[in-house]
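These notes are about the structure you will find just below.
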Amino acid sequence: MRQLWRTLHSVLGEAPDDINGGHTADDFAEFFQRKVDDVRASCSSTSLYDVPWRPTALIDEWTPVTAEEVDKLISAAPNKTCQLDPPPTWLVKEMRGLLVPFVALLLNKSLTTGCFPTDFKHAVVRPLLKKSGLDVGDTKNYRPVSNLSFLSKLLERAAQRRLQAFLDSHGLMPTMQSAYRIAHSTETAVTAIYNYLLMAADNGQISALCLLDLTAAFDTVDHDLLMLRLERQFGLRGVVLEWFRSYLHGRTVHVIYDGQTSRVICVVCSVPQGSVLGPRLFVLYTAELADKADEHGVKLHAFADDTQWYVHCRRDDALSAIIRLQQCIMDIDHWMAANRLKLNADKTELLWTGSKRNLSVMGGSGPVMQLGTTTVTATDHARVLGVIISSDLSLERHVSNVCSKAFFHLRQLRRVRRSLDSVSASTLVHAFVTSRVDYCNAILAGATKATTDRLQRVLNAAARVVSNTRKFDPGLSNMMHIDLHWLDVPERVTYKLSVMVYHCMHGTAPKYLCDLCTLVADVASRRQLRSASQNILLVPRYKRSGLGRRAFSVAGPLVWNSIADCLRDPALELASFKRQLKTFLFARY
């Protein structure tokens, strides 16, 4: 089995995570511990942050867990088994009819007493490479992902449901934080950021985009500060607060690597990576960053610990804008130090964006930013949540990167195509190729035909791999549209935009996207127009088709207004909307 695993990874061009880099389990345990100690030591001279009290809604007890809810939680759980689990997960799922009453009793006992079981606090850490292709011999390239027992994650999911429902019902989640929330994703975050940059450039402005990097962000969260923040800023009280205190304190881990097991380590800080509640607690721990951005007039968009800070200005005000952004980040650096977090200035990136004319007149790469002793020089492109954004806001570099990776995987898959049936080939192509083409493709709205044609060639090659045909075999178009039921790239972009606008119209999209879609009927001066009764969206004014028209706030309404009237029916459910929309787009061929 191990040899088969290595062979598959070799074919797909990826290194398996369990290749021995010459380290032992104790080496990783000492490295992870030393990394946390170094960050905390660098912050020890700073007094702990005084968390302010804020008036908010309160929650002091959990609602009971029902047997039906436990049954759904077990059914929806992924089929992963931890070394700490006595039975495998598939067996628990098969026997859940007998186990559900006892599991429900256990979960309710924990929630009502405010006690997280001690046996659930131990985790097995398996070091995983942060990115494929990194040096396996360097311990810095690994992240400590915790594997927890099945029942502990089940209990966390029950608590997370109740906590998230409370936060959402009272509007306590940070608006510009897109991680670990329903309908929020990296795609929605990138779409919003790219929209703001495009609209600023369309208005003749330039933008300074700064990407901050944290050192061991999840691993240095201070438990006492987190408890204060949960109590004072998010209204957790009573048994709920005590349950989280019990959840955080007294945790232990041991590292398993290459068949070796390290000593047991007591965890005095951090939220576990790989847990259900850990990432969400980190979001609450850093929620105050949005207030820091507002104090300096800087815009923020975050996805977990990936934060993007940007400010718009006129070309002549670039120096004052970068000083304002610099002061904001220095203030954030002090805030992070007081909260036991550490800003990694060496990995901080700066990107000036705008029209080609404004960038050329400004000359060079724009003003630099000074963070302490580190000088951050602007680059001509930056990777934002998996999308490469260039300074002139073109997507040629991003499309080139997507095409390069997609064709690489297609070449590897073609080597083994004779050993695959059609279903397996289709699954692998969707996993490694079409998923890359479709990722964040809403930002391709208004892209040139030359750009979309490059991605279309990827789809054509992928279709030939699935159908096992050659490059010059006839009937490719019919095979793609009729047999595979694939849309071409421009229609896939239209499809993605339409679905995103649908979510905005029904209030199931993030607020920062919903605010970009305004019905004509909601505008007082236009309520008497005929379009007001047809669920038509207002299209904002723009100056340049190469900039403003490509922004989601313009492209989204334009696409929405162009689809059939029946598709804009507010009563249409999402599944029916998607099905009818695809039929509508196929009818255009």
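Quick note: the sequence shown, position 350, residue 358 per the working numbering, numbers continuous.
Beta carbons are placed, not taken as given, at the ideal position from N, Cα and C, and that holds for glycine.
As the structure is a prediction and not an experimental result, all values here were calculated from the model.
Restricting attention to Asp230, Glu404, Leu492, the CA atom closest to the CA of Thr460 is found in Glu404.
For Ile571 and Val531, the gap between their C-alpha atoms comes out near 21 angstroms. A distance of 8 angstroms or more separates the beta carbons of Val229 and Cys274. Taking a cut-off of 8 angstroms on C-beta distances, the segment 209-222 does not touch the segment 239-249, as fewer than three cross pairs fall below it. Taking all protein chains in view, the Cβ of Gln542 is surrounded by fewer than 16 other Cβ atoms within 10 Å, so the residue is classified as exposed.
Contact annotation: Thr147 and Asp34 have beta-carbon atoms that are not nearer than 8 angstroms. Here Lys504 carries a helix assignment [DSSP, helix/strand/coil]. Within the same chain, Cβ atoms closer than 6 angstroms to the Cβ of Phe40 are found at Pro152, the five residues on either side in sequence being excluded. Leaving aside the five residues that flank Leu236 on each side, the residues in its chain whose CB is nearer than 8 angstroms to its CB run, in chain order, Val59. Taking the CA atoms as reference points, Leu205 sits about 32 angstroms from Asn468. With respect to Leu546, Val528 sits close: the two C-beta atoms are nearer than 8 angstroms.
Counting along the chain, the unbroken beta strand (DSSP E) around Cys218 starts and ends at 214-220.
If you ignore the 5 residues before and after Trp317, its C-beta comes within less than 6 angstroms of the C-beta of Cys218, Val306, Leu308, all in its own chain and listed in chain order.
With respect to the 8 angstroms criterion, Leu463 and Val474 are not classified as neighbours on the basis of their beta carbons. Listed in chain order, the beta strand (DSSP E) runs fully inside the segment 270-316 are 273-275, 307-311, counting runs of at least 3 residues.
Beyond the five residues adjoining it in sequence on each side, Cys90 comes within less than 8 angstroms, by CB distance, of Val132, Asn155, Leu156, Ser157, Phe158 in the same chain, given in chain order. DSSP lists no beta-bridge partner residue for Glu499. Leu297 is positioned such that its CB atom lies no closer than 8 angstroms to that of Thr269.
Taking Ser399 as reference, the option from Leu359, Tyr447, Thr516, Val73 with the minimal CA-CA separation is Leu359.
Under the DSSP definition of a beta bridge, His389 partners with Ser398.
With contacts defined as CB atoms closer than 8 angstroms, Leu137 and Tyr150 qualify as a contacting pair.
Excluding residues up to 5 positions away in sequence, Ala75 lie with their Cβ nearer than 7 angstroms to the Cβ of Pro109 in the same chain. Here Ala326 is buried, its C-beta having at least 16 other C-beta atoms within 10 Å. DSSP places Tyr202 in the uninterrupted alpha helix (DSSP H) bounded by 194-210. Within its own chain, the residues whose Cβ lies closer than 6 angstroms to the Cβ of Lys551, once the five positions on either side in sequence are excluded, are Asp210, listed in chain order. Assigned with DSSP and collapsed to three states, Leu92 falls in coil, not helix or strand.
Judged by beta-carbon spacing, Ala187 lies beyond the 8 angstroms limit of Ala301, meaning their Cβ atoms are not closer than that value. Here the C-alpha atom of Asn87 lies approximately 40 angstroms from the C-alpha atom of Ala563. Boundaries around Arg472 are those of the alpha helix (DSSP H), 457-475, since no beta strand (DSSP E) includes it. Secondary structure of Cys525 (DSSP, three-state): coil. Asp577 and Ser506 have their C-alpha atoms roughly 13 angstroms apart. Pairing Leu222 with Asn352 gives a Cβ-Cβ distance under 8 angstroms. The DSSP-derived three-state label of Ser553 is coil. DSSP places Arg253 within a helical segment (H, G or I) once states are collapsed to three. Residue state for Ile490 is assigned as helix, using DSSP reduced to three classes. Runs of beta strand (DSSP E) with 3 or more residues, each lying fully within the segment 310-353, are found at 314-321, listed in chain order.
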